[in-house]
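The numbering of the sequence shown is the working numbering, which starts it at 385 and goes up by one. Glycine residues also receive a C-beta, built at the ideal position from the N, C-alpha and C atoms. Quick caveat, the model's predicted, so the values are computed rather than measured.
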Amino acid sequence: MIRFTNFLRRFRDDEKGMIAVETVIIIPVLFWAYLSMFAIFDAYRQHSLNQKAAYTLGDIISRETTPLDSAYLNGTREMLAYLTANRKWDVAIRVTSVRYDANNDIYKRDWSRRKGWQPALTNTAVKALKDNLPVLPHNERVMVVETFVKYDPPFNTGLQSREIHNFVFTRPRYAPRVLWDNGT
Numbered sequence: 385m386i387r388f389t390n391f392l393r394r395f396r397d398d399e400k401g402m403i404a405v406e407t408v409i410i411i412p413v414l415f416w417a418y419l420s421m422f423a424i425f426d427a428y429r430q431h432s433l434n435q436k437a438a439y440t441l442g443d444i445i446s447r448e449t450t451p452l453d454s455a456y457l458n459g460t461r462e463m464l465a466y467l468t469a470n471r472k473w474d475v476a477i478r479v480t481s482v483r484y485d486a487n488n489d490i491y492k493r494d495w496s497r498r499k500g501w502q503p504a505l506t507n508t509a510v511k512a513l514k515d516n517l518p519v520l521p522h523n524e525r526v527m528v529v530e531t532f533v534k535y536d537p538p539f540n541t542g543l544q545s546r547e548i549h550n551f552v553f554t555r556p557r558y559a560p561r562v563l564w565d566n567g568t
């Protein structure tokens, strides 16, 4: 019995191989933490890319002096896909011309068009955006550009797939308003 208890005591006090056991326990945790940090960084990077792309498209549209058409919106959707490094079917864009009626203190839609899965805005939906739109003088217009991009994290570490939505408004630059060509 004494031999057995001595053996157990020596086994308990033996520190050989402790680093290997600790390494086996901690390496998966460190690997998961590294992948999680990479996924979170990638999500922030994608949000930043999408926001910059939305501002770029809003600026481009605000500089137009000729009416926009369906081909123009197709081109902006393709540009959004290019700027965000996505496929065309993973991005959507909605462009809305909004006018402020100071007499009634409401925003009204001149026109709204979309490319992708999001519906065009109705007058009721535009009225609901009042808190998101700037204060404007009577009959002043802004272009509202909304971009939607599907985002899937690169690793399954707890982040969920989501849709990144950006909302940008820009005043028309070289004309009092941006028109839509109804002929197309």
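Could you give the first and the last residue of the continuous alpha helix (DSSP H) run that contains residue i?
i: T508; result: 507–512
i: D453; result: Careful: D453 lies outside any alpha helix (DSSP H) and carries neither H nor E.
i: D398; result: Run containing D398: none; DSSP gives neither H nor E here.
Taking C-beta to C-beta, are residue i and residue j nearer than 7 Å?
i: T468; j: A437; result: yes
i: N550; j: Q435; result: yes
i: T480; j: V519; result: no
Do you know offhand how far residue i's Cα is from residue j's?
i: A560; j: L543; result: Sequence check: residue 560 is Pro here, not Ala. Rounded to whole angstroms, P560 to L543 spans 44 Å at the Cα level.
i: D474; j: S545; result: 12 Å
i: I444; j: K511; result: 25 Å
i: N470; j: D398; result: 56 Å
i: K346; j: Y439; result: No answer is possible for residue 346: it lies beyond the span of the chain, which begins at 385 and ends at 568.
i: P538; j: W416; result: 13 Å
i: R387; j: R393; result: 10 Å
i: R493; j: E547; result: 25 Å
i: R483; j: Y466; result: 30 Å
Any idea what DSSP makes of residue i, helix, strand or coil?
i: S446; result: helix
i: A469; result: coil
i: L433; result: helix
i: Y439; result: helix
i: V475; result: strand
i: L563; result: coil
i: T568; result: With a pLDDT of 47 at T568, under the threshold of 50, the modelled position of that residue is not reliable, and no figure is offered here.
i: M463; result: helix
i: M385; result: coil
At which residue ranges does the region 479–560 contain complete alpha helix (DSSP H) runs of 4 or more residues, listed in the order of the chain?
-> If we require 4 residues or more, the alpha helix (DSSP H) runs fully inside the region 479–560 come out as 507–512.
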